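*Asks:* For reference, the structure I am asking about is given below.
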Amino acid sequence: MSSLILFLLISVSLEQIVILHNRFNQLSHNSDVLRREDLRKIPDLACNPIQSQIVEAFFDERNFKKGGEGSVQEIGFEEFLTVMSYFRPPETHLTAEQKEEIRRTKMRFLFNMHDTDNDGTITLEEYRHVVEELLSRSGSLGKETAKSIADAAMLEVASISMGRMILKELEIETRMNIHFLNMDTTFFCK
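When the letters of the sequence shown are read in order and numbered with mature numbering (1 follows the signal peptide of the UniProt record, and there is no 0), they come out as residues -15 to -1, 1 to 175.
If you want it as structure tokens, here you go:
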């Protein structure tokens, strides 16, 4: 487990870990392991246009093992907690170095989520897929219109060197979070 993940987990209270453990038990039907099907049944996640990428992130070994590769078929509570830690809002009293490490770690997590073939590169096809999913799931655009917009977006990205600008200007450490620690866990699982 990386030092950042350990840092994030240490800053989680025992009460918050209990809440997450209860949520894990609800999702897994009190099993010691969680499977993709368990996560796909979450109503709020079912509506998310990138549901498949989010679900796969929980089973991507890169997200819970340094140097991990590939995916697993099921995860235990420790892996669940590790992946959930990526969505934890940062503490306000962090040093600049800690904030930068959180930012880098969250960016790596997002990268892994969209690098679906696990080759270390987000190809134009992977990028197109994400854009199409985001646009076509809204229901207001047809698949062909979404594809045209995705192609135009890819051309725009290819025409300018935005990679570093996007990564530098994006406040990922404060925007990529889920307020999962205060939720009533019984509401979501029926």
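Glycine included, every Cβ here is placed at the ideal spot set by N, Cα and C. Nothing here was measured: the structure is a model prediction, and the numbers come from that model.
Within 10 angstroms of the Cβ of residue 108, are there 16 or more other Cβ atoms? Answer buried if so, exposed if not.
*Replies:* On the sequence shown, position 123 is the one that residue 108 refers to. Under this definition residue 108 is an exposed residue.
*Asks:* Using 10 angstroms around the beta-carbon of residue 42, count the other beta-carbons present and answer buried if the total reaches 16, otherwise exposed.
*Replies:* In the sequence shown, residue 42 corresponds to position 57, counting from 1. Buried: at least 16 other Cβ atoms inside 10 Å.
*Asks:* Go through its chain and collect everything with a Cβ distance to residue 40's Cβ below 8 Å, but skip five positions before and after it.
*Replies:* Counting from 1 along the sequence shown, the entry for residue 40 is found at position 55. The residues are 21, 24, 25 and 30.
*Asks:* Please list, in chain order, all residues of the same chain as residue 18 whose beta carbon is under 8 Å from its beta carbon, the five residues on each side excluded.
*Replies:* The residue labelled residue 18 in the question sits at position 33 within the sequence shown. Only 59, 60 and 61 meet the Cβ criterion.
*Asks:* Using alpha carbons as the reference points, say which of 118, 9 and 119 lies closest to residue 66.
*Replies:* The count along the sequence shown starts at 1 and reaches residue 66 at position 81. The residue with the shortest Cα to Cα distance from residue 66 is 9.
*Asks:* Any chance you could list the alpha helix (DSSP H) runs of at least 4 consecutive residues sitting entirely within the region 5 to 43, in chain order?
*Replies:* Within the region 5 to 43, the complete alpha helix (DSSP H) runs of at least 4 residues are 21 to 25, 28 to 31 and 36 to 42.
*Asks:* Relative to the alpha-carbon of residue 97, which residue among 37, 27 and 119 has its alpha-carbon at the smallest distance?
*Replies:* Mapped onto the sequence shown, residue 97 falls at position 112. For residue 97, the nearest C-alpha among the options comes from 37.
*Asks:* Does the beta-carbon of residue 116 have 16 or more other beta-carbons within 10 angstroms, so that it is buried, or is it exposed?
*Replies:* Walking along the sequence shown from the start, residue 116 turns up at place 131. Buried is the call here.
*Asks:* Bridge partners of residue 104, per DSSP?
*Replies:* Translated into positions along the sequence shown, residue 104 becomes position 119. Per DSSP, none; premise fails for residue 104.
*Asks:* Cβ atoms of residue 63 and residue 55: under 9 Å apart, would you say?
*Replies:* Within the sequence shown, residue 55 is the residue found at index 70, counting from 1. Within the sequence shown, residue 63 is the residue found at index 78, counting from 1. No, the Cβ-Cβ distance between residue 55 and residue 63 is not below 9 Å.
*Asks:* Spell out the partners DSSP gives residue 136 in its beta bridges.
*Replies:* Stepping through the sequence shown from its first residue, residue 136 is reached at position 151. Answer by DSSP bridge pairing: none, since residue 136 is not bridged.
*Asks:* Return the Cβ separation of residue 219 and residue 34 in integer angstroms, given the expectation that the two are a contact with Cβ distance under 8 Å.
*Replies:* Nothing can be reported for residue 219: it is not among the residues displayed for the chain, which extend from -15 to 175.
*Asks:* DSSP three-state label for residue 141, please.
*Replies:* Taking the sequence shown and counting its residues from 1, one reaches residue 141 at position 156. Residue state, collapsed to three classes: helix.
*Asks:* With a threshold of 6 Å on Cβ separation, who are the neighbours of residue 149 within its own chain once the five nearest residues in sequence on each side are excluded?
*Replies:* The residue you call residue 149 lines up with position 164 of the sequence shown. A caution first: residue 149 carries a pLDDT of 42, below 50, which makes its placement in the model unreliable, though a value can still be read off. Closer than 6 Å at Cβ, skipping near neighbours: no residue.
*Asks:* Less than 9 Å separating the beta-carbons of residue 71 and residue 94?
*Replies:* Position 86 of the sequence shown, counted from the start, is the residue given in the question as residue 71. Position 109 of the sequence shown, counted from the start, is the residue given in the question as residue 94. Cβ distance < 9 Å, so residue 71 and residue 94 count as in contact.
*Asks:* Check whether the Cβ atoms of residue 74 and residue 83 sit closer than 9 Å, and answer yes or no.
*Replies:* Along the sequence shown, one-based indexing puts residue 74 at 89. Along the sequence shown, one-based indexing puts residue 83 at 98. Not in contact: residue 74 and residue 83 (Cβ atoms no closer than 9 Å).
*Asks:* Kindly list the residues whose CB is nearer than 6 Å to the CB of residue 138, restricted to its own chain and excluding five residues on each side of it in sequence; keep chain order.
*Replies:* On the sequence shown, residue 138 is found 153 positions in, with the first residue counted as 1. So the qualifying residues of the chain are 116.
*Asks:* How is residue -3 classed by DSSP in three states: helix, strand or coil?
*Replies:* Taking the sequence shown and counting its residues from 1, one reaches residue -3 at position 13. Residue state, collapsed to three classes: coil.
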